[in-house]
Structure formats: structure tokens, C-alpha cells
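Working notes, structure below.
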Amino acid sequence: MVGAGLGGLTAAGFLQRAGFTVKVYEQAPAFSRIGAGIILSANATKVLRRLGLEDALISAGIKSRQYISRAWDTGATMYEIVFDAASERRFGGAYVHIHRGDLHTVLKHAVAPSTIAFDHQLVDLDEKAGAARLIFANGASTEADIVIGADGIRSKVRDYLLGAEPPRFSGAAAYRAIFPADRLNGVKIPDCTKWWGTDRHCLPYYLTGRRDEVYAIGVVPVSHWDGDEAAVPTTREQYLASFAGFHADLQRVLQAVDGVSLWPIYDRPRNDCWSGGNGSRIVLLGDACHPVPPYMAAGGAMAVEDAAILSRCLTTFDDRDEAFASYMATRIPRVADVQRISLENTWMRGPTDTDWFYCYDPCTAPLKPP
Ligand SMILES: Cc1cc2nc3c(=O)[nH]c(=O)nc-3n(C[C@H](O)[C@H](O)[C@H](O)COP(=O)(O)OP(=O)(O)OC[C@H]3O[C@@H](n4cnc5c(N)ncnc54)[C@H](O)[C@@H]3O)c2cc1C
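Residue numbers (this note's numbering): 26 to 395.
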């Protein structure tokens, strides 16, 4: 496995439980608490339950009580969904917000100790008759029967399969800020609100069950992005200026933000080639094969679903080609729908049928024939 992100660790956890010998190679020297949150909907949390992680996930993050869509100017409620015991029964899982660093602390328990080899950046890959060879920046190399590229939007494994091609700048960037809730000076906010402007949106939500930490992500159009940085520091004033004119309830939240950074958003055109085909030992999952614009809070969930389906295919089919073909046939139509809706940025803007997305269970959904 290349990449110890959400998809890689979930897949590794399932494959180890199925009896495969799995090693996860991760470029980072360790997991760190980078400044961002993530929402995991029921279709993902029910999968993590199968890995025994649900309680830890909920105690590190927050089981959200509601999501509200509001109009940028009048503040009118455009859509609201309540998450309670009934919705949890219906969807089969909780709707959780969590700090990404805390998520990794939870996820590393998906795999046996010593499974993750940190400081192993894949730099080259070679398929031979008997095995695939992986070469790392630290000089190490290894061989594997199967290589799963779970190495994100700048995937090296994808480069090997499809040719090196950088992701494209999407024309938008995200302000991100995490701050203590006491900076709100007693202002109470709902667990999660999406403020919908005409060309921008802002999503403040709590990150902990104590409701003492808030994350506010605000996406704005940006004509171009120079440089290779994953993020640049910016200011509260800049964040406020980008949302000037928005409703006073949002202004109050943005006045409290601290430690603001701006992250360019990248994507890739759709490509349905997720494995090397005929006899190939290499397959991709998550952002490595299908980055999803972050407007439906679904990219991480798609990586988790991929991981569950791929591990089922590898345990169901003895033949690797059949396993990869069934995995792609099962995943591509659903991921394509999610990519399209994310790109349109319409999810839960108004009345929305959420069942097809939240009720889906990749651990039991039928596998398509190869
Ligand atoms: C602004 C923003 C907000 C988002 N919000 C949400 C949300 O609320 N909910 C949601 O579900 N999704 C969200 N997403 C999407 C989500 O973050 C991704 O879809 C998800 O992280 C993809 O998981 P992954 O496992 O495929 O890749 P990643 O999480 O990117 O993990 C890839 C891993 O591979 C490692 N790696 C990379 N290259 C190499 C290499 N050469 N060698 C070894 N290791 C390597 C990386 O260090 C990393 O650990 C958001 C995305 C953005 C940009």
C-alpha cells in the first residue's frame, strides 16, 4: 500500500483482517495535527465501525446534531437535516466531524502495530513478471504481489500507470481556520452550517463533542495560483473581506477565526483507468484515481468506500484481473455521480434525497461482475 491516508489505512485494515500480509508506505515522517477538519457521513462511519474504530472516532470528534444550509444575505434556512437516533438507524451510521490529525490518530489503530513504514516516499515503481518493485526516496526498495496506490491527488502510482501529469488548479481556494470556541464570546452556533453565496460558500462546524473547537472553511474563486505550496498563511481580515456582505451570523464567526491559511483546490479530469489491466499488479483508490471537489464533503468517504469494495473484491476473486475489474465496475458509476454533484456544488442546497448516498453500505452492497 502506498499512502497512509484515509483510503490506504482503511483498505490495509480490511486486508489484514482477511489474512493478507500488508505493509503501508507513507512519505510523511509521522502523522501531524495539520489545521483542517473533515466531515465523515454515515456511508463512511459505518465502514470504520467494521474496523472497531467507531467509538474512538466519535470520542475524538463530534457526532453532529444537524446540518443547515443558509442564504448568504437574508440568512434564510434553505435546507436542514437533523442527525439523531432515528437518522442514525435509517442511514446506518453517525455523521461525524473531526480534526484531520485526530482522525489519523484513530485510523492508525485500523492496522496492526508496525504496519506503517513512515518516511518512505515512493519515487519509482516497476512491474516485473513475478512481482512489482517499489523504490523509495530514502534508498530502500521492496517487492509486492499487489501495489495499491492510495497516495492522493499527486499520486506517484497514478503517474506510473497513466503518465505523469500534475493536477489542474480548479480556480478556487479554501480559507481554513481552526480556533477555540471561546473566541466566539458566547455566541452559540449550530453544529454545522453551510452559508451559500453566489460564487462562494463558508462552512463553520464544531470539531469536538465538547464543542470547544471550531473549524471554518470558506471557498472562494481565485483566478490563478502561482507556486507549488499546498497552503499559504493569510489573515482574519482577508477572510472577512472575502465574505463581506454575508449575514451578520457568519460575520460573528469569522471575526473569531485565528491562524488562517489559504489552500488552492486542485482536481483532475475524470479518468476511469484505475488499474494497469491485463495481468497488472497495480490498482488505485481514493484521490489517486478520482479527486472529488470538496463541495459535498465526500472525497474522504469515497476513499473509504473504495477501500471496503477493493478489499472485498480481492477476497472474493482469486484472479487479480477479475478482482480489479469488479472493483472498477462497482465503484466507477457511484464515484462519477458523486464527482458530478460535488462539481455542481448543489448537495443539500435545497430539498435533497440523501438516502442513496448515506444509506449505502460498501461492506454489503452487491459487487458488479468483472
Ligand atoms: C479543502 C478540502 C476539504 C475537504 N473536506 C472534506 C470533507 O469534509 N469530507 C470528505 O469526505 N472529504 C473532504 N475532502 C476530500 C478528502 O480530503 C480527500 O478526498 C481524501 O483525503 C482522500 O483520501 P486518500 O486516502 O485518497 O488520499 P489522502 O488523504 O490525500 O492520503 C494520501 C496519503 O499518501 C501519502 N503519499 C502521497 N504521495 C506519496 C508517495 N509518493 N509515497 C508515499 N506516500 C505518499 C500522503 O502523505 C498521504 O498520507 C476535502 C478536500 C479538500 C481539499
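Quick reminder that beta carbons are idealized off the backbone N, C-alpha and C, glycines included.
1. Can you give the Cα-Cα distance for threonine 355 and glycine 270, rounded to whole angstroms?
2. Can you tell me where the beta strand (DSSP E) holding cysteine 227 begins and where it ends?
3. So is the beta-carbon of tryptophan 8 under 7 Å away from any non-hydrogen atom of ligand 1?
4. Name, in chain order, the residues that DSSP records as bridge partners for glutamine 91.
5. Would you mind listing the alpha helix (DSSP H) stretches within the segment 323-362 that are 4+ residues and don't spill past its ends, in chain order?
6. I need the straight-line Cα distance from tryptophan 372 to methionine 321, nearest angstrom please.
7. Should arginine 179 be counted as a contact of ligand 1 given a C-beta to heavy atom distance under 7 Å?
8. Would DSSP call leucine 147 helix, strand or coil?
9. Can you tell which of Gly222, Asp346, Val308 and Arg183 has its C-alpha closest to the C-alpha of aspartate 98?
10. Quick one: what's histidine 124 bridged to in DSSP?
11. Nearest CA to the CA of glycine 375: which residue from Val245, Leu287 and Trp220?
12. Which class does threonine 99 belong to by DSSP, given the choice of helix, strand or coil?
13. What does a CB cutoff of less than 6 Å around glutamine 280 pick up in its chain, not counting 5 residues either side in sequence?
14. Is tyrosine 240 closer than 8 Å to glycine 62 when the C-beta atoms are compared?
15. Give the single residue among Arg115, Tyr264 and Gly324 whose Cα lies nearest to the Cα of valine 285.
16. Note down, one range per segment and in chain order, each beta strand (DSSP E) of at least 3 residues found wholly within the segment 258-309.
17. Identify, in the order they occur along the chain, each residue of the same chain with its Cβ nearer than 7 Å to the Cβ of alanine 336, setting aside the five sequence neighbours on each side.
18. Compute the beta-carbon to beta-carbon distance between aspartate 292 and proline 316, rounded to the nearest angstrom, for a pair I have assumed lies under 8 Å.
19. How many angstroms separate the CA atom of phenylalanine 342 from the CA atom of alanine 156?
20. Looking at the strands, I want to know which residues DSSP matches up with glycine 400.
21. Taking contact to mean at least 3 C-beta pairs separated by less than 8 Å, is the segment 122-142 in contact with the segment 58-78?
22. To the nearest angstrom, how far is it from the Cα of aspartate 207 to the Cα of serine 367?
Per the coordinate set shown:
1. Residue numbering aside, residue 355 sits at position 330 when the sequence shown is read from its first letter. Residue numbering aside, residue 270 sits at position 245 when the sequence shown is read from its first letter. Near 45 Å, if we compare the C-alpha coordinates of glycine 270 and threonine 355.
2. Against the sequence shown, residue 227 aligns to sequence position 202. Here the beta strand (DSSP E) through cysteine 227 covers 226-231.
3. Absent from the model: residue 8. The displayed extent of the chain is 26 to 395, so no value can be given.
4. Sequence index remark: in the sequence shown, residue 91 carries index 66 (1-based). DSSP lists Val107 as partners of glutamine 91.
5. 324-341
6. Taking the sequence shown and counting its residues from 1, one reaches residue 372 at position 347. Taking the sequence shown and counting its residues from 1, one reaches residue 321 at position 296. One C-alpha to the other measures close to 6 Å.
7. As a working note, residue 179 is residue 154 in the sequence shown. Within the cutoff, so yes.
8. Counting from one through the sequence shown, the residue named residue 147 turns up at place 122. Strand, per DSSP.
9. On the sequence shown, position 73 is the one that residue 98 refers to. Cα-wise, what sits closest to aspartate 98 is Gly222.
10. Here residue 124 corresponds to residue number 99 of the sequence shown, with the count starting at 1. Paired residues: Gly62.
11. Here residue 375 corresponds to residue number 350 of the sequence shown, with the count starting at 1. Comparing Cα positions, the closest option is Trp220.
12. Here residue 99 corresponds to residue number 74 of the sequence shown, with the count starting at 1. DSSP places threonine 99 in coil when its eight states are reduced to three.
13. As a first step, residue 280 is located in the sequence shown; it is residue number 255 there, counting from the start. Counting only Cβ-Cβ distances below 6 Å, and skipping sequence neighbours, we find nothing.
14. In the sequence shown, counting from the first residue as 1, residue 62 sits at position 37. In the sequence shown, counting from the first residue as 1, residue 240 sits at position 215. A contact, by the Cβ cut-off of 8 Å.
15. Along the sequence shown, one-based indexing puts residue 285 at 260. Nearest of Arg115, Tyr264 and Gly324 to valine 285, Cα basis: Tyr264.
16. Qualifying beta strand (DSSP E) stretches, in chain order: 286-292 and 307-309.
17. For this step, residue 336 is matched to residue 311 along the sequence shown. For clarity, residue 336 is serine in the given sequence; the question names alanine instead. So the list reads Ala36, Phe39, Leu40 and Ala43, once near-sequence residues are dropped.
18. Position 267 of the sequence shown, counted from the start, is the residue given in the question as residue 292. Position 291 of the sequence shown, counted from the start, is the residue given in the question as residue 316. Confirmed, Cβ separation roughly 5 Å.
19. Residue numbering aside, residue 342 sits at position 317 when the sequence shown is read from its first letter. Residue numbering aside, residue 156 sits at position 131 when the sequence shown is read from its first letter. In a straight line, the C-alpha of phenylalanine 342 is about 19 Å away from that of alanine 156.
20. The question about residue 400 has no answer here: the residues shown for the chain are numbered 26 through 395.
21. yes
22. Working through the sequence shown from its first residue, we reach residue 207 at position 182. Working through the sequence shown from its first residue, we reach residue 367 at position 342. Distance between aspartate 207 and serine 367, taken at the CA atoms: about 33 Å.
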